[in-house]
Amino acid sequence: MQVIISTILSMLLFLISAPLVLTTDVEVTGIPNTINGLPVGTIGFVGTFEGLEGVTITANGTLNEIFAQAQRDHPEWKPNFTHPGHRGPPVDRTLISRAENVGLEQEHKEQIYCWPLAGRPDLQRADSYWVDRLIELMVAVKAEVYVPRRTCNRFVCLGDATAYLCNENDREVHFNSWLLATYVGDIRYTCLTGWNGKTGLVCGLETDTDRWYVHVNKQIPNC
Numbered sequence: 001m002q003v004i005i006s007t008i009l010s011m012l013l014f015l016i017s018a019p020l021v022l023t024t025d026v027e028v029t030g031i032p033n034t035i036n037g038l039p040v041g042t043i044g045f046v047g048t049f050e051g052l053e054g055v056t057i058t059a060n061g062t063l064n065e066i067f068a069q070a071q072r073d074h075p076e077w078k079p080n081f082t083h084p085g086h087r088g089p090p091v092d093r094t095l096i097s098r099a100e101n102v103g104l105e106q107e108h109k110e111q112i113y114c115w116p117l118a119g120r121p122d123l124q125r126a127d128s129y130w131v132d133r134l135i136e137l138m139v140a141v142k143a144e145v146y147v148p149r150r151t152c153n154r155f156v157c158l159g160d161a162t163a164y165l166c167n168e169n170d171r172e173v174h175f176n177s178w179l180l181a182t183y184v185g186d187i188r189y190t191c192l193t194g195w196n197g198k199t200g201l202v203c204g205l206e207t208d209t210d211r212w213y214v215h216v217n218k219q220i221p222n223c
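1 is the number of the first residue of the sequence shown in the working numbering; add one for each residue after it.
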C-alpha cells in the first residue's frame with residue numbers, strides 16, 4: 001500500500017509534462033498542435049482534494065500539475081486517498097454512487113468505442129492497473145472541471161495510462177470531476193482485454209450526447 005502511494009505521488013509531482021500520444025494532425029516537438037482536429041486546450045479547475053477540505057483551489061492545467069501545486073502550497077497535506085486496487089473489472093456502481101445527479105449522468109452517456117479504434121492504429125492499450133489508479137485519483141478530487149470550447153485537453157496521466165477530455169461544442173462545458181471518473185470507469189469495464197488474472201489492457205472512448213467525450217489510452221512514453 002505504501003509503495004503504491006509513494007509511486008503515484010512521485011509521478012504526480014515530478015512527471016507532469018510527458019508528451020501527448022493522442023495526435024493525428026500537426027505535431028510539434030513534445031506537444032501536438034491539435035488532437036482529433038481540435039486545438040489543444042487547458043482545463044479549468046475549481047475545488048479541492050480529499051484531505052484539503054475547506055481549501056478552494058482555482059487553477060488551470062492538468063490534474064497532475066494542479067495536484068503538484070497543491071502539495072507545494074500545503075506542505076502539511078499528506079494525501080492518503082489511494083486505495084488498494086481491485087485487480088478485476090471494477091464495479092461501475094462504486095463510481096456512479098459518488099457522482100452527482102446520477103440519473104442525469106446516465107441519461108447523457110451515449111456510446112463506448114473500444115480498441116482497436118477505426119482509423120486510429122496509433123492509439124494503444126494502457127495497463128489496467130494504471131487506469132484503476134486514474135479512477136482512484138479522480139474520485140479523490142472534489143471539483144468542477146471547465147473545458148474550453150472546441151478543444152481537446154489531457155486531464156490526468158499516471159504510469160502508462162492517460163485520460164483526455166474533448167469538447168466539440170462552441171461553448172465551454174463544465175461538470176463534476178466524479179462524473180468524469182464514471183466515464184473512465186465505463187471504458188475500463190467495457191474495453192478491458194487480455195485479462196490474465198491480475199491485470200489487462202484498456203483503450204477506448206465514451207461519447208456524451210452533449211458533444212464531448214472522454215478518451216483513455218496508452219501514454220508513450222510513460223508519464
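For each residue, glycine too, the CB sits at the ideal point set by N, CA and C.
The model shown is predicted, which means the values in this text are computed figures rather than measured ones.
Tell me the DSSP secondary structure of glutamine 71 in three-state form. helix
Find out if the Cβ-Cβ distance for the pair valine 40, cysteine 152 is shorter than 8 Å. yes
Let me make sure I understand the geometry here. Which of Asn196, Thr48, Cys223 and Phe155 has the alpha-carbon closest to that of tyrosine 183? Phe155
Please classify isoleucine 43: does DSSP put it in a helix, a strand, or coil? coil
Judging by CA-CA distance, which residue of Gly197, Phe49, Ala118 and Asn167 is the nearest neighbour of serine 177? Phe49
State the DSSP-derived secondary structure class of threonine 207, mapped to helix, strand or coil. strand
Figure out for me which residue from Asp73, Asn64 and Leu192 has the closest Cα to the Cα of tyrosine 129. Leu192
Complete beta strand (DSSP E) runs within the segment 125-176 (minimum length 3 residues, chain order): 141-147, 151-158, 161-167 and 173-176
Express the C-alpha separation of asparagine 167 and glycine 37 in angstroms, rounding to a whole number. 11 Å
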